[in-house]
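Each residue of the sequence shown is one higher than the one before, starting from 14 at the first, in my numbering.
For glycine and all other residues, C-beta sits at the position ideal for the given N, C-alpha and C.
Since the structure is predicted, the reported quantities are computational estimates derived from the model, not experimental observations.
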Amino acid sequence: MKRIALTGGIGTGKTHVLRMIRRNGIPTLDADQVSRSVVDVGHPAHHTLRQCFGDDYFLPNQQVNRPALAKLVFGNQAARAQLESIVHPLIRRLIDDWFARCADTNRNTVAIAEIPLLYETNRAEVFDNVIVVSCAPKMQVARIIKRDKLSTVDAQNRLAAQLPIAQK
């Protein structure tokens, strides 16, 4: 079975492309959804995040306060590196497990995972092929602002946290 990664910068349209692929019956996985699941209450990463970042980054219902944590990590490289050191190994393992399950069914010839930080995490070499989705940087910023309801500065900080699309 071919393992394919779909990547690109924030706001380039990766999820839209993944949806089109899924409609054609190809198994797909969204690494952003996986990343959300690994910080859910009850997951070991949840406890580790609380220890590292403190109660200010958690809501009264114990869920991670995503906007607050995002503001911190997209403005502080050390905090982002700490967050990534906690969640990336878990995400990587879950993605690998998903591909193994797809291969075990013997009916899939290809499976595709959307992995926004594929190159930033040095994972491209474990895939048979990589699809890169891109668009103009101005369009990316506009999409991020609209979708995530961020300021221009916050949108640009998120964009700056990723490799430039030309390097992907």
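Review point. I23 to L31, Cα distance in whole Å?
Key: Counting from one through the sequence shown, the residue named residue 23 turns up at place 10. Counting from one through the sequence shown, the residue named residue 31 turns up at place 18. Taking the straight line from one Cα to the other gives about 14 Å.
**Study point:** Beta-bridge pairing of V123 - partner residues as DSSP gives them
**Key:** Against the sequence shown, residue 123 aligns to sequence position 110. Within the DSSP bridge table, the entry for V123 names K15 as partners.
Exercise for review: Label C115 either buried or exposed according to how many other C-beta atoms from any shown protein chain fall within 10 Å of its C-beta, with 16 as the threshold for buried.
Suggested key: Numbered from 1 along the sequence shown, position 102 holds the residue referred to as residue 115. Flag for C115 reads buried.
Exercise for review: Sort A94, R35, P40 by Cα distance to N119 and report the nearest one.
Suggested key: Against the sequence shown, residue 119 aligns to sequence position 106. Considering only alpha carbons, the answer is P40.
Practice item. Could you tell me which of N135, L19, R49 sits nearest to P129, measuring between CA atoms? Key: As a working mapping, residue 129 is identified with position 116 in the sequence shown. Of the candidates N135, L19, R49, the one whose C-alpha sits nearest the C-alpha of P129 is L19.
Review point. What are the boundary residues of the alpha helix (DSSP H) that L85 is part of?
Key: Taking the first residue of the sequence shown as position 1, residue 85 is located at position 72. L85: member of the alpha helix (DSSP H) spanning 79-86, first to last residue.
Check your understanding: How about I104 and V51: are their beta carbons less than 8 Å apart?
Key -> Numbered from its first residue, the sequence shown carries residue 104 at position 91. Numbered from its first residue, the sequence shown carries residue 51 at position 38. Cβ distance < 8 Å, so I104 and V51 count as in contact.
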